[in-house]
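Q: Each step along the sequence shown adds one to the number in the working numbering, with nothing skipped, and position 152 is 152. Positions of the beta carbon are idealized from the N, C-alpha and C atoms, including for glycine. Only a predicted model underlies this, so the values are computations on that prediction, with no experimental measurement involved.
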Amino acid sequence: MRAAVLHKAGGPDVFRIEDVPVPVAGRDDVLLKVEACGVSYRDVVERNGTYRRDVSFPCIIGLEIAGTVVETGADVEGLAVGDRVCTKAFSSCGRCRLCRNGRETTCARRKPISGGYAEYVAVPQDSVVRIPQELGADIACSLGPAAGVALNAVRDVAKVRIGETVLITGATGGVGVPSMQIAKASGARVIAITRSLQKAKTLRDLGASDVVIAETGENFAPRVRELTKGQGVDVVIDNVGSAVFDASYDSLAVHGRYAMVGQLFGEEVSINPARIFFKRAKILGVGSVSRTQLEDTIVLAEWGIVKPNIASRLPLEDVATAHELVEGGAVNGRVVLIP
1 MRAAVLHKAG
11 GPDVFRIEDV
21 PVPVAGRDDV
31 LLKVEACGVS
41 YRDVVERNGT
51 YRRDVSFPCI
61 IGLEIAGTVV
71 ETGADVEGLA
81 VGDRVCTKAF
91 SSCGRCRLCR
101 NGRETTCARR
111 KPISGGYAEY
121 VAVPQDSVVR
131 IPQELGADIA
141 CSLGPAAGVA
151 LNAVRDVAKV
161 RIGETVLITG
171 ATGGVGVPSM
181 QIAKASGARV
191 IAITRSLQKA
201 KTLRDLGASD
211 VVIAETGENF
221 APRVRELTKG
231 QGVDVVIDNV
241 GSAVFDASYD
251 SLAVHGRYAM
261 VGQLFGEEVS
271 INPARIFFKR
281 AKILGVGSVS
291 RTQLEDTIVL
301 AEWGIVKPNI
311 ASRLPLEDVA
321 TAHELVEGGA
331 VNGRVVLIP
């Protein structure tokens with residue numbers, strides 16, 4: 001089969017399109033014919049060497065996978081050849097205390113999913129959820145690691161309620177767009193932060209009530225305060241991390257909730273603890289997506305509430321171009337590889 005193989009970390013040009021053996025499905029695995037694989041920023045930092053955990057070379061990356069089951073292992077239950085599925089970002093054991101209490105995203109035996117930059121991939125049955133036949137693979141591939149994480153952040157961690165105001169950083173990204181859509185569907189007002197003036201109209205079309213244009217490191221809090229008549233926002237969904245932390249926290253209202261989703265940069269942040277208790281703030285960590293959350297996200301996609309914005313669909317041979325688009329941040333929407 002054809003695959004985009006990494007033999008070392010580096011720039012987008014380090015990918016090599018090679019013929020490699022089709023993976024063998026283990027007893028607990030399903031073998032998928034890959035229909036589409038989203039290119040996430042996680043892929044970028046794995047490729048360039050910033051993210052090293054569980055990465056060894058040579059490797060085939062790609063965790064946002066949608067495809068069709070072509071083979072099932074001996075211990076697989078509830079899945080059959082011909083089923084269309086999409087993946088979450090990891091598999092969990094399903095038996096430990098955390099898994100049995102709905103906390104599978106922190107399972108000590110969780111294993112990351114990879115291998116989507118290829119024609120076939122073998123993944124554990126726990127990592128996949130069935131999708132409707134009519135749901136496009138380019139849409140389905142980003143529902144787990146992107147839209148599912150957004151649902152986790154907005155609904156289950158930050159617990160956004162009708163009438164609240166929600167600030168979303170990294171609003172044009174894979175988690176940012178569905179975060180806006182889900183927050184709006186929850187009855188919230190959405191303020192989107194972006195670096196690009198050209199993306200403002202798209203963000204409004206996708207659900208933002210207001211858009212603030214701010215360069216990385218710029219203090220956008222005064223403009224957010226102005227939009228909220230000095231009150232600040234009830235919730236921050238932060239998909240960027242340290243580069244926007246100070247401005248985002250300053251935008252938070254008294255008794256606000258700050259949900260940390262992403263950290264795209266290596267810098268640390270510092271904060272006087274008094275700023276937390278005087279504001280009565282809650283700082284919340286958002287993990288990945290559970291099977292239940294992914295199933296709910298698929299329903300939201302069927303209903304048209306979650307609508308991933310697909311900017312580019314590229315063949316596997318154009319994987320370097322796909323990474324340039326995502327890493328550069330100029331693309332307005334998701335980039336998807338079609339093996």
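Return yes when the Cβ of residue 66 is within less than 8 Å of the Cβ of residue 131, no when it is not.
A: Position 131 of the sequence shown, counting from 1, holds the residue named residue 131. Position 66 of the sequence shown, counting from 1, holds the residue named residue 66. It is a contact, given that the beta carbons lie within the stated cut-off.
Q: What number of angstroms, rounded off, separates the C-alpha of residue 285 from the C-alpha of residue 292?
A: Here residue 285 corresponds to residue number 285 of the sequence shown, with the count starting at 1. Here residue 292 corresponds to residue number 292 of the sequence shown, with the count starting at 1. So the two alpha carbons sit approximately 19 Å from each other.
Q: May I ask you to report which of helix, strand or coil DSSP gives residue 18?
A: Along the sequence shown, one-based indexing puts residue 18 at 18. Strand.
Q: Could you name the residues that DSSP lists as bridge partners for residue 194?
A: Walking along the sequence shown from the start, residue 194 turns up at place 194. Residue 194 pairs with 213.
Q: Taking residue 71 as the reference, give the member of 27, 101, 99 with the closest Cα.
A: Working through the sequence shown from its first residue, we reach residue 71 at position 71. It is 27 whose Cα lies nearest to the Cα of residue 71.
Q: From residue 194 to residue 95, what distance separates their C-alpha atoms?
A: As a position in the sequence shown, residue 194 is number 194, starting the count at 1. As a position in the sequence shown, residue 95 is number 95, starting the count at 1. So the two alpha carbons sit approximately 41 Å from each other.
Q: With 16 as the cutoff for other CB atoms within 10 Å, does residue 56 come out buried or exposed?
A: Here residue 56 refers to the residue found at position 56 of the sequence shown. Residue 56 is exposed by the Cβ-count criterion.
Q: Below 8 Å on the Cβ atoms is my guess for residue 322 versus residue 335; work out the distance and round it to an integer in Å.
A: The count along the sequence shown starts at 1 and reaches residue 322 at position 322. The count along the sequence shown starts at 1 and reaches residue 335 at position 335. Yes, residue 322 and residue 335 are in contact; Cβ-Cβ is about 5 Å, under 8 Å.
Q: Starting from the Cα of residue 255, find the closest Cα among 164, 69, 244 and give me that residue.
A: For the purposes of this step, residue 255 is taken as the residue at position 255 of the sequence shown. Residue 164 is the option with its Cα nearest to residue 255.
Q: Let me confirm a value: residue 87 is counted as buried when at least 16 other C-beta atoms fall within 10 Å, else exposed. Which label applies?
A: The residue given as residue 87 occupies position 87 in the sequence shown. Buried is the call here.
Q: Please name the residue in 214, 237, 243, 261 whose C-alpha comes closest to that of residue 252.
A: Here residue 252 refers to the residue found at position 252 when the sequence shown is read from its first residue. Selected option, being the one with the closest Cα: 237.
Q: Here's the rule: buried if 16 or more other CB atoms are within 10 angstroms of the residue's CB, otherwise exposed. What is residue 201?
A: To locate residue 201, count along the sequence shown from 1; it is residue 201. Label assigned to residue 201: exposed.
Q: To which residues of the same chain is residue 317 closer than 6 Å at the C-beta, ignoring the five residues directly before and after it?
A: On the sequence shown, residue 317 is found 317 positions in, with the first residue counted as 1. Correct list, in chain order: 17.
Q: Out of 62, 146, 51, 185, point me to the one whose CA is closest to residue 37's CA.
A: Residue mapping note: residue 37 aligns to position 37 of the sequence shown, counting from 1. Nearest C-alpha to residue 37: 62.
Q: Pull up the CB-CB distance for residue 113 and residue 301, whole angstroms please, since I reckon it's below 8 Å.
A: Taking the sequence shown and counting its residues from 1, the one referred to as residue 113 is at position 113. Taking the sequence shown and counting its residues from 1, the one referred to as residue 301 is at position 301. Wrong, their Cβ atoms sit about 19 Å apart, outside the cutoff.
Q: Looking at C-alpha atoms only, which residue of 226, 180, 49 is the closest neighbour of residue 10?
A: Counted from its first residue, the sequence shown places residue 10 at position 10. The shortest C-alpha separation from residue 10 is found at 49.
Q: Reducing DSSP to helix, strand and coil, say where residue 352 ends up.
A: Nothing can be reported for residue 352: it is not among the residues displayed for the chain, which extend from 1 to 339.
Q: Tell whether a beta-carbon distance below 8 Å holds between residue 348 and residue 338.
A: Examination of residue 348 is not possible in this model, given that the chain is present from 1 through 339 alone.
Q: My understanding is that residue 281 touches residue 247, with C-beta atoms under 8 Å, so please give their C-beta distance in whole angstroms.
A: Within the sequence shown, numbered from 1, the residue matching residue 281 stands at position 281. Within the sequence shown, numbered from 1, the residue matching residue 247 stands at position 247. Incorrect: roughly 15 Å between the Cβ atoms, too far for contact.
Q: Are the CB atoms of residue 127 and residue 91 within a distance shorter than 8 Å?
A: Along the sequence shown, read from residue 1 onward, the residue named residue 91 stands at position 91. Along the sequence shown, read from residue 1 onward, the residue named residue 127 stands at position 127. Their beta carbons are under 8 Å apart, which means residue 91 touches residue 127 by this criterion.
Q: Using DSSP's beta-bridge definition, name the partner residues of residue 33.
A: Numbered from 1 along the sequence shown, position 33 holds the residue referred to as residue 33. In the DSSP output, where bridge partners are listed per residue, residue 33 has 68, 120.
Q: Excluding the 5 residues flanking residue 21 on each side, which residues of the same chain have their C-beta closer than 8 Å to its C-beta?
A: To locate residue 21, count along the sequence shown from 1; it is residue 21. Excluding positions up to five away in sequence, the list reads 1.
Q: Within a Cβ cutoff of 7 Å, which residues of the same chain sit near residue 265, ignoring the five residues on either side of it in sequence?
A: As a working mapping, residue 265 is identified with position 265 in the sequence shown. Result list for residue 265: 241, 242, 243, in chain order.
Q: Mind checking whether residue 120 and residue 6 have CB atoms under 8 Å apart?
A: As a first step, residue 120 must be located in the sequence shown, where it is residue number 120. As a first step, residue 6 must be located in the sequence shown, where it is residue number 6. Their beta carbons are not under 8 Å apart, which means residue 120 does not touch residue 6 by this criterion.
Q: Does residue 219 pass the burial test, meaning 16 or more other C-beta atoms within 10 Å, or should it be called exposed?
A: Residue numbering aside, residue 219 sits at position 219 when the sequence shown is read from its first letter. Result: exposed.
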